[in-house]
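There are 2 protein chains.
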Amino acid sequence: MMSVTIKDIAKAANVSYATVSRALSGHSEISDKTKKKIRKLAKEMGYTPNAIAKGLVTKNTKTLGFIVPDITNPFFPEVAQGVEDCANRNGYQVFLCNTSWKLEKEKQYLKALYGKRVDGIVVSPTSNDITHLVEADRNKVPVVFAAYRPAIADCNFVATDDYKSAEIAAEYLLKLGHRKIAYIGGQQESCTNKYRLKGYTDVLKKHDISLSPSYIKHGAFRQQSGYQLTKELLIANDVPTAILAGNDIIALGVIQAIEEFGLDVPNNISVVGFDDISFASLDKVQLTTVFQPKYTTGELCVEVLLQKIKDGDQNPTHKMLEPELVIRRTCKGI
Amino acid sequence: MMSVTIKDIAKAANVSYATVSRALSGHSEISDKTKKKIRKLAKEMGYTPNAIAKGLVTKNTKTLGFIVPDITNPFFPEVAQGVEDCANRNGYQVFLCNTSWKLEKEKQYLKALYGKRVDGIVVSPTSNDITHLVEADRNKVPVVFAAYRPAIADCNFVATDDYKSAEIAAEYLLKLGHRKIAYIGGQQESCTNKYRLKGYTDVLKKHDISLSPSYIKHGAFRQQSGYQLTKELLIANDVPTAILAGNDIIALGVIQAIEEFGLDVPNNISVVGFDDISFASLDKVQLTTVFQPKYTTGELCVEVLLQKIKDGDQNPTHKMLEPELVIRRTCKGI
DNA sequence: TTGTAGGCGTTATCAT
DNA sequence: ATGATAACGCCTACAA
Numbered sequence: 001m002m003s004v005t006i007k008d009i010a011k012a013a014n015v016s017y018a019t020v021s022r023a024l025s026g027h028s029e030i031s032d033k034t035k036k037k038i039r040k041l042a043k044e045m046g047y048t049p050n051a052i053a054k055g056l057v058t059k060n061t062k063t064l065g066f067i068v069p070d071i072t073n074p075f076f077p078e079v080a081q082g083v084e085d086c087a088n089r090n091g092y093q094v095f096l097c098n099t100s101w102k103l104e105k106e107k108q109y110l111k112a113l114y115g116k117r118v119d120g121i122v123v124s125p126t127s128n129d130i131t132h133l134v135e136a137d138r139n140k141v142p143v144v145f146a147a148y149r150p151a152i153a154d155c156n157f158v159a160t161d162d163y164k165s166a167e168i169a170a171e172y173l174l175k176l177g178h179r180k181i182a183y184i185g186g187q188q189e190s191c192t193n194k195y196r197l198k199g200y201t202d203v204l205k206k207h208d209i210s211l212s213p214s215y216i217k218h219g220a221f222r223q224q225s226g227y228q229l230t231k232e233l234l235i236a237n238d239v240p241t242a243i244l245a246g247n248d249i250i251a252l253g254v255i256q257a258i259e260e261f262g263l264d265v266p267n268n269i270s271v272v273g274f275d276d277i278s279f280a281s282l283d284k285v286q287l288t289t290v291f292q293p294k295y296t297t298g299e300l301c302v303e304v305l306l307q308k309i310k311d312g313d314q315n316p317t318h319k320m321l322e323p324e325l326v327i328r329r330t331c332k333g334i
Numbered sequence: 335m336m337s338v339t340i341k342d343i344a345k346a347a348n349v350s351y352a353t354v355s356r357a358l359s360g361h362s363e364i365s366d367k368t369k370k371k372i373r374k375l376a377k378e379m380g381y382t383p384n385a386i387a388k389g390l391v392t393k394n395t396k397t398l399g400f401i402v403p404d405i406t407n408p409f410f411p412e413v414a415q416g417v418e419d420c421a422n423r424n425g426y427q428v429f430l431c432n433t434s435w436k437l438e439k440e441k442q443y444l445k446a447l448y449g450k451r452v453d454g455i456v457v458s459p460t461s462n463d464i465t466h467l468v469e470a471d472r473n474k475v476p477v478v479f480a481a482y483r484p485a486i487a488d489c490n491f492v493a494t495d496d497y498k499s500a501e502i503a504a505e506y507l508l509k510l511g512h513r514k515i516a517y518i519g520g521q522q523e524s525c526t527n528k529y530r531l532k533g534y535t536d537v538l539k540k541h542d543i544s545l546s547p548s549y550i551k552h553g554a555f556r557q558q559s560g561y562q563l564t565k566e567l568l569i570a571n572d573v574p575t576a577i578l579a580g581n582d583i584i585a586l587g588v589i590q591a592i593e594e595f596g597l598d599v600p601n602n603i604s605v606v607g608f609d610d611i612s613f614a615s616l617d618k619v620q621l622t623t624v625f626q627p628k629y630t631t632g633e634l635c636v637e638v639l640l641q642k643i644k645d646g647d648q649n650p651t652h653k654m655l656e657p658e659l660v661i662r663r664t665c666k667g668i
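Spelled out as structure tokens, the structure:
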């Protein structure tokens, strides 16, 4: 499996390999005749340019990295789609890396991605510990956070306003007459979770509703976690009339638990999620949720990244997207 | 953003850069003292080895490519998870590429992946035109097909027996008393589809059931397609009592269409899918389907690939996995 | 144990 | 228009 190089072609064409390089790249001036001849030859010989050798000298690889915490949550594939499409449109490719919510893997991937000298990195961080990412952005390669709003200011990010999302959801539940609203979150430390939690608590406070600590539970952004925590919640004394789930897949677990418990959604308990993953709109599911522009998030991240790459601009770019309440059939007034 | 190289470290440590290389790689023998000193220095200076330079000389990049047709279908993320985990365990990383069912993109990615000199490629092909993939396998880089059984023999693949899967599903429906069974497939040309279709038709033939051509429809492996085709099917005169869907997401669309049409699943029409994606087991969905070992498929693909990479074995490896009927609540006897 | 030097496949800068 | 040749950052004989 010896691959053919520019030198092989040069030999076959009886020219210097510099000429071959020129013929193939098309940058420098070269006679049309030899250009055609060489290109034809290259094709015949099955030549594929060695991008890594090229990258070594040009210092750019035309590839981006996208680090996600959970490829299994439909939220991320949709963002990834946006990342990829936008990258492709601009002649870039993307390295999709999945951390399975493991910080260690995130660090490994970051290192590996930089080792491969990707031109930029989009990342939905796994935890709130983002020092390695910030450090990389400052010294090595442009980084933009996707669907995540870092606590520190001088980072690039494009995110949907999580605080506002939670406000909208909580206000909606309140308007429906609910007063006993529980919150089943994902990872407690996660930024997304913090903003959503705060949006929720602030709204309740504003309406003078006391927060029962037993109504706030944290686990992971996973269906299983939502299921488990809801079971615990229901077994305890005071059953809420509504549950705000940390995201849609948690919501799916929440609903599962409620129904297994013998209660009905929405007749006994209303449920609202976040994200609006495609399965939320299934006839069978019809989950009321707060939409997040996933595809757009991915696209914008890449746009920001390419901008940074192009002009080396170090000033942080922030893009806040608007959430949107999608009312379906998992909520009911009381 | 000038990155620090082995030479910078050499200068700082006042040694030759070969020494630094040795200290860092750990292969050659070197005094413990200088090794420690240099490693410490490297860390302090924020050195990240340039994998592309390294790859240029070592001829291997410790990275694999995984080309999928639709990252948005939960089937593929699950396979990807297996691919990734197995790759990681063995010190490899994976480049996940999404073609959105576009042959052109598949070709581009293949070229790009090879350009980056990945050590091997796992691919779930987008269409039945796999000549470019086969050619690559023969001349450039080991390729193994995932969840796909090529028509030609000398390719590597790991797949679930699609023919058998369809047999199982059709037999089940038959046992339930169904005689009017429609098939709503994905891309007609796709190999997967062909095997499933054949399994279905063979079983019906075996039981002397005549096949109405209007009962066989093809589109894409997408929810929307299943929805659309089912609408067409139901509008036509002779409504079937059961529908075999090309895969689970098609099945979801099928169910949606049936219910919108005012009919009930499973009381009026039974539905069975393929794959057993995670959402199929949702309480609200409870889709009867034929399970495919997705994660295992991914793992095995990588194992096969690594084997090929290690010993350069050119003999094709075939692995057939066993499907399994998962009975839930979308089928009913008549 | 350490240093020197050649080479990996390109691009780019000189000459010619 | 084309040919030498020096990088790019790293590895690895071969020497010392």
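Taken in order, these protein sequences are the chains called A and B.
Counted from 1, the first sequence has number 303 at position 303 by the working numbering; the numbering is strictly sequential.
Counted from 1, the second sequence has number 336 at position 2 by the working numbering; the numbering is strictly sequential.
Quick reminder that beta carbons are idealized off the backbone N, C-alpha and C, glycines included.
Quantities reported herein were computed from a predicted structural model and do not represent experimental measurements.
Can you give me the Cβ contacts of residue i inside the same chain, cut-off strictly under 6 Å, excluding the 5 residues immediately before and after it?
i	result
residue 354(B)	340, 343, 344, 372
residue 122(A)	66, 83, 144, 146, 301
residue 664(B)	599, 600, 605, 621, 622
Residues in its own chain within less than 7 Å of residue i by CB, not counting five upstream and five downstream?
i	result
residue 654(B)	493, 495
residue 534(B)	500, 504, 517, 578
residue 641(B)	647
residue 55(A)	61, 117
residue 17(A)	6, 7, 10
Helix, strand or coil for residue i? Go by DSSP, reduced to three states.
i	result
residue 542(B)	coil
residue 324(A)	strand
residue 156(A)	strand
residue 46(A)	coil
residue 283(A)	coil
residue 499(B)	helix
residue 274(A)	strand
residue 112(A)	helix
residue 506(B)	helix
residue 569(B)	helix
Can you list, in chain order, the residues of its chain with a C-beta nearer than 8 Å to that of residue i? Leave out the 5 residues immediately preceding and following it.
i	result
residue 349(B)	368, 372
Since residue i meets chain B, which of its residues come closer than 7 Å, beta carbon to beta carbon?
i	result
residue 111(A)	382
residue 279(A)	613
residue 21(A)	Simply none; closest approach about 15 Å.
residue 252(A)	616
With 7 Å as the threshold, decide whether the Cβ of residue i is near any Cβ in chain A.
i	result
residue 593(B)	yes
residue 405(B)	yes
residue 617(B)	yes
residue 429(B)	yes
residue 547(B)	no
residue 500(B)	no
residue 590(B)	yes
residue 481(B)	no
residue 414(B)	yes
residue 418(B)	yes
Which residues in chain A sit within 9 Å of residue i, going by Cβ to Cβ distance?
i	result
residue 449(B)	48, 49, 50, 51, 52, 54
Give a yes or no on whether the C-beta atoms belonging to residue i and residue j are separated by under 7 Å.
i	j	result
residue 150(A)	residue 449(B)	no
residue 277(A)	residue 248(A)	yes
residue 148(A)	residue 191(A)	yes
residue 659(B)	residue 476(B)	no
residue 412(B)	residue 428(B)	no
residue 568(B)	residue 595(B)	yes
residue 560(B)	residue 592(B)	no
residue 490(B)	residue 650(B)	yes
Name, please, each residue of chain A whose Cβ falls closer than 7 Å to the Cβ of residue i.
i	result
residue 411(B)	71, 72, 77
With 7 Å set as the bound, which would you pick, yes or no: does the beta-carbon of residue i sit closer than that to a beta-carbon of chain B?
i	result
residue 98(A)	yes
Run through chain A and tell me which residues come within less than 8 Å of residue i, C-beta to C-beta.
i	result
residue 473(B)	1, 46
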